[in-house]
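Step one of this worksheet: look at the structure below.
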Amino acid sequence: MTLLSLTDVHTYYGESHILEGVSLEIEAGEVVALVGRNGVGKTTTIRTILQLTPPREGTVRFKDEEIAGEETHEVARRGIGWIPEDRRIFTQLNVEENLRVAVPDRDALRPALEMAYDAFPILEERRDQRAGTLSGGQQQMLSLARGLVGENELLLVDEPSEGLAPQVVATVAESLAEAATDTSMLVVEQNLPLALDLADRFYVLDNGSIVDEGSTDEVSADSERLRRYLSA
Amino acid sequence: MATADDEHTRAEQGTGWRSSWPARYARDHAVHLAVVLLFACYPGIYHVATTSQFGLVFESFLPQVQTMTPILYFGLFAMSFDFISGYTGYLSFGHAVFYGTGAYLVIVIANGKIPLLAAGTPFMISVVLAAVLAALIAVAIGLVSFRLTGVYFAMITLGFAQVFYVFIRGWDWVATAPRDGPSVSFGTHPEGFRIGIPYVDGASYAIGRLYGSGLEGFLGLFDLSTTVVSFYMIGLVVLVCYLAMQRIIHSPFGRVMIAIRENEERARAIGYNTFYYKLGAFAISGAFAGVAGALFAGYRRSVTPENTFYFLTTGDALLSSIIGGLGTLAGPLYGRLFEQGLDEFLSKGSEGGGLLPMLQEYLSRSILETNALGLTIEEMIDAFINGRASLYVGIVFVLFVLFVPNGLLGSLRERVGGPIAKLPGRLFGGEKP
Amino acid sequence: MIDATLFAAEVVPLSIVDAFVEFLHPSELVGVLVDGLSKAAIYAMIAGGLTLIFGLMGVLNFAHGSLTMVGAYLGGAIMVLSVSSATGPMTRLAFFFVGIVVVFGALSAVGGALEISLIRRLYDRPPIAQILLTFGLTLIIDELMRIVLEFYDLQPRADWIAAWGTKPWFLSQRLSIGPVDVRGLALFEILMGVLTVGAIWAFLTRTRYGLFIRAGSEDSEMASALGIDVRRVFTVVFAMGTGVAGVAGMLLMWDTLWGASVPLGAETLLPAFVVVIIGGLGTFRGTVVAALLVGMVDAVMTWWFVNEIRFTGLPELTIFLILVIVLIVRPQGLYGVEGVGGH
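Protein chains in written order, with my numbering: chain Y, 22 to 253; chain W, 425 to 857; chain F, 7 to 349.
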């Protein structure tokens, strides 16, 4: 089943035309990577799906229902989760509270927390600590855990490895791979090896539109096909 | 930017006497001329209208001439508020401090309290000093406050103004009863304050209801009362100040002010020292606010801390600016006109005529005594309408904030097209200009 | 204690030193402490509602003072209607607490209605628009109040004396605690302050909704992406904020220093702003700490005004000076987090 589909989406920031006719699809059970240089509109694509920056034209369908124009919280409640760039954890809340906010169903709270602490024991250690005092890597784990406890069918993951030390990246990659077994994902990632390893398919975004797509089996991180669009 | 506009205009106008310098000036300022003419004729218009057949109706709707004079000087204060708040986007919530400074300085000078300045110092000089002092205070406050922006700037200026307010309320050097405020003592300053050219006989006229100059045989036709003379003299000062502010807005300095409002980051990136520009604009706005306060004191001869330094005075300027149009410069004057006009229209006493006397005249006794919801119509009018202008002004204000963010003048200019293309709508949102 | 007067005669006017010595006397200090705490309690209650709204929505609710005033009159009306000269003190207290609940409910409803009908139209606009709107609301509310009062023959500018009369007798008196003489009402105010602050604190930290408010306060986008209807949270917060303002007003109607009158609105608004800004945006803890600071400064300066320095506005002056200094040195406030509250 097609879980998510964008058709000819145009998104603007004020008068800036960021997305110029983006179309993509994610099937249930897939992990799809969205790659491209800085500033081409990858984060905007995610924001558009979430309706944080609603599209001016085009359709966004989730499980075959149109969601363009809905309120963000309604979109989220449909089962679309967000692991944003810059983590955006709630620094004023403690670790456990950060997780609690993400769990929609009160009854599901205990099992959800257990699952999160299982996956990230360090979070359990620091459950009462103010989230703002965690290290970068720990905050990313919290952000990930928050996305995972939310009972989401689709996760929108934005630059999960950015600014992290290699060991931490490895942990993150592992958790994402684990999550991918029962959650579909759209992953925006500059770290090509990580993205291609995790994903089944990829799209290349350049200057606000999709210029290439394919299966990740077909390419590797240094293939010519991708390098054209991704050189810094 | 400006050059393209100029060229375009010139191209449109072509050559010939119509495009000559004075003609262009007159056309650009045609609206100004018309408005000034209207104001100048107002006393005459009022007189003719109220002595005509429908005199009572006109008397109800038109503000009295003596109401117009405070509208003028407070309008100047509101315009100076707009000068800084509407054009740079920095809301000066403490603007009353400059108004109060001007007012208090005039009275203190007239009471002979300032060394080196005789009690009889010409009013015009006092006004200039008021402007200077206010500007200096503005610079002092601005040096500290412009490190902040937005709400913080508004709050810190409010804080400063309240410090001054509390201080002046307890400072017994300015007045024997500082809580009541100072007044010009008859002993030190028996004559009215004169506007005009000081030290030259016949080139100045005194203002004030009691102390003003009456003028007999003006143009060989009219006798002008003190009220009317005050109206004209104060109006003259206000006009000059307005034209000065307008000139500044339309100059390169003014363009930087607007650039600061639109996108200060970018203005700074281009190379402007926005701090100095903000400070300068603030000083100018403070100076003119000081002039307004001086006029107020000169006209009324007594002031209180509440009607000068208190934050609600700034609130009134804000009210006038929003209704008239923030970022239009002249808008606040019209806003004040509307607000005061409504106030007089609904006022309890029927001094200037009003709704109640008009209703009493034209509605039959039986209607007035009809009972609805337990009250007679007459009682309802008395409770809800008479003297309740603040309520309706407040409602108008709220509606304007929601639906007419450009204010009266701003919306008018938007439809007709004005010389300053950028409108204040973006200042606090609403429709796109 | 050293006899400071020996040194002082050469350096400082004798009277100031005398006054200082007197100030340090335990009974004076305790008196000032109690006074300061009661003032702090009042400031915390006045500002508490404002900070909830400001913190979450970045809205500086100029109508806050007027709503406090409405609470004062509503509370006053409840008391005046329920209490007669024969009513015993404990019964009066009982009526008071019932009144608190009623006032909280009524003012919350008003706040919610205002938010839904007016305030929320301005969320996409710069914060200035909300300030302007709430300023206009103040004018309307004040004038409507005047209409109602004059209809019932009550003087809008004067404190409502009948409301004062509904106090239980022991609150009107001075009580002796050890060597010190304190106003009974001051102790009651401290109690109310603690209860109110405690209730808000418990709500914010121990309930699910409080969690949503705190999360939304910090990052409303992220909160909505987690499924929280931030708009509805705004309404609830605004309603709560106005409810608390009303409760503060009801408390003030008994205090002869404040009293129920239309100017009460302006009298409470400015201190509320000062406290919220000094404490910092979006932080309830900051507001409480700032209330303590401002309350103590107010009490100390009042003591000095009464006993030594004959300048009427000394307490207010000092408070505004603190505001200015805090804005210069640390604009985000004592506990503020930069970037919170929409700025």
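All C-beta atoms, glycine included, are put in the ideal place defined by N, C-alpha and C.
Take residue 37 of chain F, set aside five residues on each side of it, and the residues of its chain with a beta-carbon closer than 6 Å to its own are 186, in chain order. Around the CB of residue 104 of chain F, fewer than 16 other CB atoms lie within 10 Å, so the residue is classed as exposed. Contact note: residue 591 of chain W reaches chain F through 319, 323, using a C-beta cutoff of 8 Å and chain order. Of the other Cβ atoms in all chains shown, fewer than 16 fall within 10 Å of the Cβ of residue 183 of chain F; this residue is therefore exposed.
Annotation for residue 38 of chain Y: the continuous beta strand (DSSP E) segment containing it runs 37-48. Residue 127 of chain Y and residue 171 of chain Y have their alpha carbons spaced roughly 12 Å apart.
Judged by DSSP secondary structure, residue 285 of chain F falls within the alpha helix (DSSP H) whose first and last residues are 270-285. Nearest to residue 680 of chain W by C-alpha distance, out of W/585, W/700, W/661, W/496, is W/700.
For residue 80 of chain Y, the closest C-alpha among the options Y/59, Y/111, Y/154, Y/32 is that of Y/32. Listed along chain F, no residue sits closer than 8 Å to residue 35 of chain Y by beta-carbon distance, the nearest being about 13 Å off. Remark: fewer than three beta-carbon pairs, one from each stretch, lie closer than 8 Å, so the region 92-104 of chain F and the region 269-278 of chain F are not flagged as touching.
Taking a Cβ-Cβ cut-off of 9 Å, the neighbours of residue 171 of chain Y in chain F comprise 232, 233, given in sequence order. For residue 654 of chain W against residue 636 of chain W, the beta-carbon gap comes to about 5 Å, under 8 Å, which counts as contact. Contiguous alpha helix (DSSP H) elements confined to the region 638-711 of chain W occur at 650-673, 676-694, taking only those with 4 or more residues. Under a criterion of Cβ atoms nearer than 8 Å, the residues of chain Y adjacent to residue 225 of chain F are, in order, 109, 111.
Counting only runs of at least 4 residues, the region 492-552 of chain W fully encloses the following alpha helix (DSSP H) elements, listed from N- to C-terminal order: 520-534. When rounded, the separation of the alpha-carbon atoms in residue 230 of chain F and residue 751 of chain W is 36 Å. Secondary structure at residue 94 of chain Y: helix, using DSSP grouped into helix, strand and coil. For residue 297 of chain F, the nearest beta carbon of chain Y is not closer than 7 Å to its own beta carbon.
Inclusion of residue 63 of chain Y and residue 232 of chain Y in the CB contact set at 7 Å is not warranted, their separation being larger than that value.
The region 510-520 of chain W and the region 798-811 of chain W do not touch, with fewer than three beta-carbon pairs separated by less than 8 Å. In the displayed model, residue 70 of chain F falls within a helix according to three-state DSSP.
When beta bridges are read from the DSSP output, residue 231 of chain Y appears opposite Y/226. In chain order, 114, 118, 121, 122 make up the part of chain Y whose C-beta sits under 8 Å from the C-beta of residue 217 of chain F. Excluding the 5 residues flanking it on each side, residue 311 of chain F has same chain C-beta neighbours closer than 6 Å at 320, in chain order. Proximity of residue 561 of chain W to chain F, defined by a Cβ-Cβ separation below 7 Å, is not satisfied.
Between residue 495 of chain W and the set W/715, W/677, W/760, the nearest pair of CA atoms involves W/760.
The beta-carbon separation of residue 217 of chain Y and residue 223 of chain Y, rounded to 7 Å, stays under the 8 Å limit for a contact.
Under the Cβ distance rule, residue 815 of chain W counts among the residues neighbouring chain F, one pair being separated by less than 7 Å. Secondary structure of residue 584 of chain W (DSSP, three-state): helix. Here the alpha carbon of residue 160 of chain Y sits roughly 23 Å from the alpha carbon of residue 59 of chain Y. Shown here for residue 48 of chain Y: same chain residues with a beta carbon closer than 8 Å to its own, the five before and five after excluded, namely 22, 23, 24, 205 in chain order. In this structure, residue 650 of chain W lies near residue 638 of chain W, with their beta-carbon atoms less than 7 Å apart.
Its chain contains 106, 209, 210, 211 as the residues whose beta carbon lies nearer than 7 Å to that of residue 180 of chain Y, once the 5 sequence neighbours on both sides are disregarded; these appear in chain order. Residue environment analysis places residue 331 of chain F among the exposed positions, since fewer than 16 neighbouring C-beta atoms fall within 10 angstroms of its C-beta. One alpha carbon belongs to residue 795 of chain W, the other to residue 484 of chain W, and they sit about 26 Å apart.
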